[in-house]
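First residue of the sequence shown? That's 3 in my numbering, and the numbers climb one at a time after it.
This report refers to the structure that appears directly beneath it.
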Amino acid sequence: MPTSSLPAPLRGLTKQLNRTITQALGLTEAVTLRRTDPASVDQPLTAGPVLVIGSGPDADAVAHQLHEWHLDVRRNLAAPTQQRWGAVVVVLTDLEAPGQEAERVLALGGTLRELARSARVVTISRAVADGDAPALAAARGGVAGLVRSLGKELRQGATANGIELGADVAVTDPATIGTLRFLLSARSAFVDGQLLPVTAAAQAPADWTRPLTGTVAVVTGAARGIGAETVRVLARDGAHVLGVDVPAAGESLAAVMNEVGGVALQLDITAPDAGARILERVARGPFQGRLDVLVHNAGILRDKLLANMKPEQWESVIAVNLAAQVAITTAVAQAHPGLVQISLASTSGIAGNRGQTNYGFSKSGVIGATQAWAPVLAAGGGRANAVAPGFIETEMTASIPLAQREISRRVSSLGQGGKPVDVAEAVAFLASPQAGGINGAVLRVCGQNLVGR
Ligand code: NAD
Numbered sequence: 003m004p005t006s007s008l009p010a011p012l013r014g015l016t017k018q019l020n021r022t023i024t025q026a027l028g029l030t031e032a033v034t035l036r037r038t039d040p041a042s043v044d045q046p047l048t049a050g051p052v053l054v055i056g057s058g059p060d061a062d063a064v065a066h067q068l069h070e071w072h073l074d075v076r077r078n079l080a081a082p083t084q085q086r087w088g089a090v091v092v093v094l095t096d097l098e099a100p101g102q103e104a105e106r107v108l109a110l111g112g113t114l115r116e117l118a119r120s121a122r123v124v125t126i127s128r129a130v131a132d133g134d135a136p137a138l139a140a141a142r143g144g145v146a147g148l149v150r151s152l153g154k155e156l157r158q159g160a161t162a163n164g165i166e167l168g169a170d171v172a173v174t175d176p177a178t179i180g181t182l183r184f185l186l187s188a189r190s191a192f193v194d195g196q197l198l199p200v201t202a203a204a205q206a207p208a209d210w211t212r213p214l215t216g217t218v219a220v221v222t223g224a225a226r227g228i229g230a231e232t233v234r235v236l237a238r239d240g241a242h243v244l245g246v247d248v249p250a251a252g253e254s255l256a257a258v259m260n261e262v263g264g265v266a267l268q269l270d271i272t273a274p275d276a277g278a279r280i281l282e283r284v285a286r287g288p289f290q291g292r293l294d295v296l297v298h299n300a301g302i303l304r305d306k307l308l309a310n311m312k313p314e315q316w317e318s319v320i321a322v323n324l325a326a327q328v329a330i331t332t333a334v335a336q337a338h339p340g341l342v343q344i345s346l347a348s349t350s351g352i353a354g355n356r357g358q359t360n361y362g363f364s365k366s367g368v369i370g371a372t373q374a375w376a377p378v379l380a381a382g383g384g385r386a387n388a389v390a391p392g393f394i395e396t397e398m399t400a401s402i403p404l405a406q407r408e409i410s411r412r413v414s415s416l417g418q419g420g421k422p423v424d425v426a427e428a429v430a431f432l433a434s435p436q437a438g439g440i441n442g443a444v445l446r447v448c449g450q451n452l453v454g455r
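Take a look at the structure:
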């Protein structure tokens with residue numbers, strides 16, 4: 003439940019609690035983030051001019067690509083008159099030893115007071131690889147610490163993220179450029195303090211603004227929250243969507259699917275024939291037997307300390323959040339070996355969370371399964387990735403006690419909870435060809451939770 007719908011006295015209490023916690027802990031003051039409008043494909047990519055720091059062919063190639071997207075690109079550190087930087091891209095692909103980064107990183111430091119609200123800092127560097135000399139590995143490995151620390155220093159909704167390129171991936175490859183485009187845009191509003199590994203080359207989408215045109219996507223748990231928003235964003239990006247949810251949520255499921263001209267399937271994903279039912283539904287009607295993208299979003303909470311956990315509370319969470327995903331993909335991937343799968347994990351599955359041993363097991367298991375599916379689906383031309391949301395404002399998290407909810411909002415580098423659209427945009431990015439170089443990865447959408455990673 004959003005704070006605005008609380009009764010006035012509780013709203014006042016919430017505000018006061020916010021202020022007290024923020025001041026006492028030196029946390030970030032929340033600002034309105036620059037987000038996408040799911041109904042529009044026509045938003046400017048960045049909030050202002052883009053500075054590219056670095057020299058040499060890779061930095062030139064990045065600047066050239068940004069020009070192609072009609073951005074106002076600068077190579078000169080002087081801040082643009084009466085404008086703030088919408089983004090700063092730091093190209094570090096040529097680092098060979100510690101110390102070589104200093105000039106560029108310090109130049110970046112000089113721009114930070116001139117960032118626009120929700121500005122982006124994005125590094126492009128090479129991942130540490132087997133056989134790297136120690137000095138090379140030290141320089142490359144250092145970039146992650148820079149990005150994670152800077153994310154915690156930035157204010158006003160600005161974020162710091164990085165792209166880590168595998169040995170065979172060029173800066174000019176669509177896989178790199180596609181990831182850069184996501185990180186620069188308002189689509190990554192709640193992605194902060196992390197490095198996205200781009201490990202393979204990819205094809206550019208025919209249309210960057212509708213990269214899923216002609217594809218068929220299945221989304222489970224589509225009736226509300228993150229699932230409903232994912233349906234809207236995938237449809238905006240051009241996909242035909244089949245939305246799945248339990249019969250009890252049939253009315254809201256139908257409303258969401260009607261909104262986007264999609265199809266609703268009332269189905270409990272723990273049913274033994276769930277995979278077969280999905281296959282049967284995409285075999286006919288507008289889908290014509292296609293199934294390109296599968297989003298495992300349905301999930302439940304049954305929070306209890308382990309000492310008090312009843313068997314049903316453990317078993318139902320594992321069944322819905324984990325076992326059903328594995329069973330459905332096993333059934334579906336046989337018929338659609340090039341499937342692009344995105345599974346909803348959680349930061350609770352990464353950092354752990356009190357009262358969530360069952361949920362933590364299920365979400366950590368989702369990450370394990372994603373890593374196992376990645377090479378299997380890649381063999382058929384597909385991919386498997388996970389999205390790990392932090393605290394997102396949905397009906398699921400509205401059931402968390404008020405004080406705990408406020409703390410969950412506050413302990414992120416952006417000082418607030420995320421919105422379903424933030425997660426939906428990350429899912430749609432991973433579904434699209436522009437993320438074709440990312441496989442077996444976990445993309446956190448958590449505003450950089452200060453607890454855990
Ligand atoms: P939500 O409770 O608002 O929506 C979940 C949807 O899944 C509901 O429509 C529900 O009916 C459906 N569902 C539940 N069991 C099902 C079943 N057996 N078969 C078919 N559908 C079923 O949840 P949300 O907040 O939108 O979360 C979506 C996903 O994101 C979940 O996997 C959740 O664990 C994950 N997640 C959410 C948050 C958050 O802060 N909201 C954080 C981390 C991860």
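Backbone N, C-alpha and C fix where the C-beta goes; we use that ideal spot for every residue, glycine too.
Quick check on this structure: which residue in Val200, Glu317, Ser120 and Thr222 has the alpha carbon closest to the alpha carbon of Ala266? Thr222
Would you identify the three-state DSSP class for Thr125, choosing helix, strand or coil? strand
With a threshold of 16 other CB atoms inside 10 Å of the CB of Ala225, please say whether the residue is buried or exposed. buried
Measure the alpha-carbon distance for Thr399 versus Gly439 and round it to whole angstroms. 32 angstroms
List the endpoints of the continuous beta strand (DSSP E) containing Leu152. Per DSSP, Leu152 belongs to no beta strand (DSSP E); it is in the alpha helix (DSSP H), Pro136 to Glu155.
Quick check on Met3: buried or exposed, where buried means 16 or more other Cβ atoms within 10 Å of its Cβ? The pLDDT assigned to Met3 is 43, lower than 50, so where the model puts this residue is not dependable; a value taken from the coordinates is nonetheless given after this. Counting Cβ neighbours within 10 Å, Met3 comes out exposed, since fewer than 16 surround it.
Return the Cβ separation of Arg86 and Ala140 in integer angstroms, given the expectation that the two are a contact with Cβ distance under 8 angstroms. Not a contact, Cβ separation roughly 34 angstroms.
Specify, as a first and last residue, the run of the alpha helix (DSSP H) that Arg304 falls within. From DSSP, Arg304 is part of no alpha helix (DSSP H); its letter is neither H nor E.
With Gly164 and Thr201 assumed to form a contact (beta carbons below 8 angstroms), what rounded beta-carbon distance in angstroms separates them? About 14 angstroms separates the two Cβ atoms, so there is no contact after all.
My output table needs one value for Thr113: the three-state DSSP class, helix, strand or coil. helix
Candidates Arg189, Asn441, Tyr361 and Gly449: closest to Phe393 by CA position: Gly449
Roughly how many whole angstroms lie between the Cα atoms of His72 and Ser57? 21 angstroms
Local Cβ density within 10 Å of Ala129, reported as buried at 16 or more and exposed below that: buried
How big is the Cα-Cα spacing for Ala493 and Thr174? No statement about residue 493 is possible, as the shown extent of the chain runs from 3 to 455 and does not include it.
Below 8 angstroms, can you find three or more Cβ-Cβ pairs linking the segment 424 to 431 to the segment 176 to 194? yes
What did DSSP end up calling Ala26 once you bin it into helix, strand or coil? helix
Taking the straight line between their C-alpha atoms, what separation do you get for Ala146 and Gly153? 11 angstroms
Thr95 versus Glu103, Gln268 and Leu214, residue with shortest Cα-Cα distance: Glu103
Cutoff 6 angstroms; reference Leu68; Cβ partners in own chain excluding five residues on either side: Val52 and Val75
Taking contact to mean 3 or more Cβ pairs, one atom from each stretch, closer than 8 angstroms, check whether the segment 354 to 371 and the segment 407 to 419 are in contact. no
Hey, how far is the Cα of Leu379 from the Cα of Asp170? 20 angstroms
When you compare only the Cα positions, how much space is there between Ser366 and Ile320? 11 angstroms
Under a Cβ-count criterion, where at least 16 other Cβ atoms within 10 Å of its own Cβ denotes burial, should Ala230 be classed as buried or exposed? buried
His242, enclosing beta strand (DSSP E) - first and last residue: His242 to Asp247
If the criterion is Cβ atoms closer than 7 angstroms, does the pair Gln327 and Ser345 meet it? yes
So, Ala109 versus Gly50, is the Cβ gap smaller than 7 angstroms? no
Does the beta carbon of Phe363 fall short of 6 angstroms from some heavy atom of the ligand NAD? no
Beta-bridge pairing of Ala1 - partner residues as DSSP gives them: The first residue shown for the chain is 3 and the last is 455, placing residue 1 beyond what the model contains.
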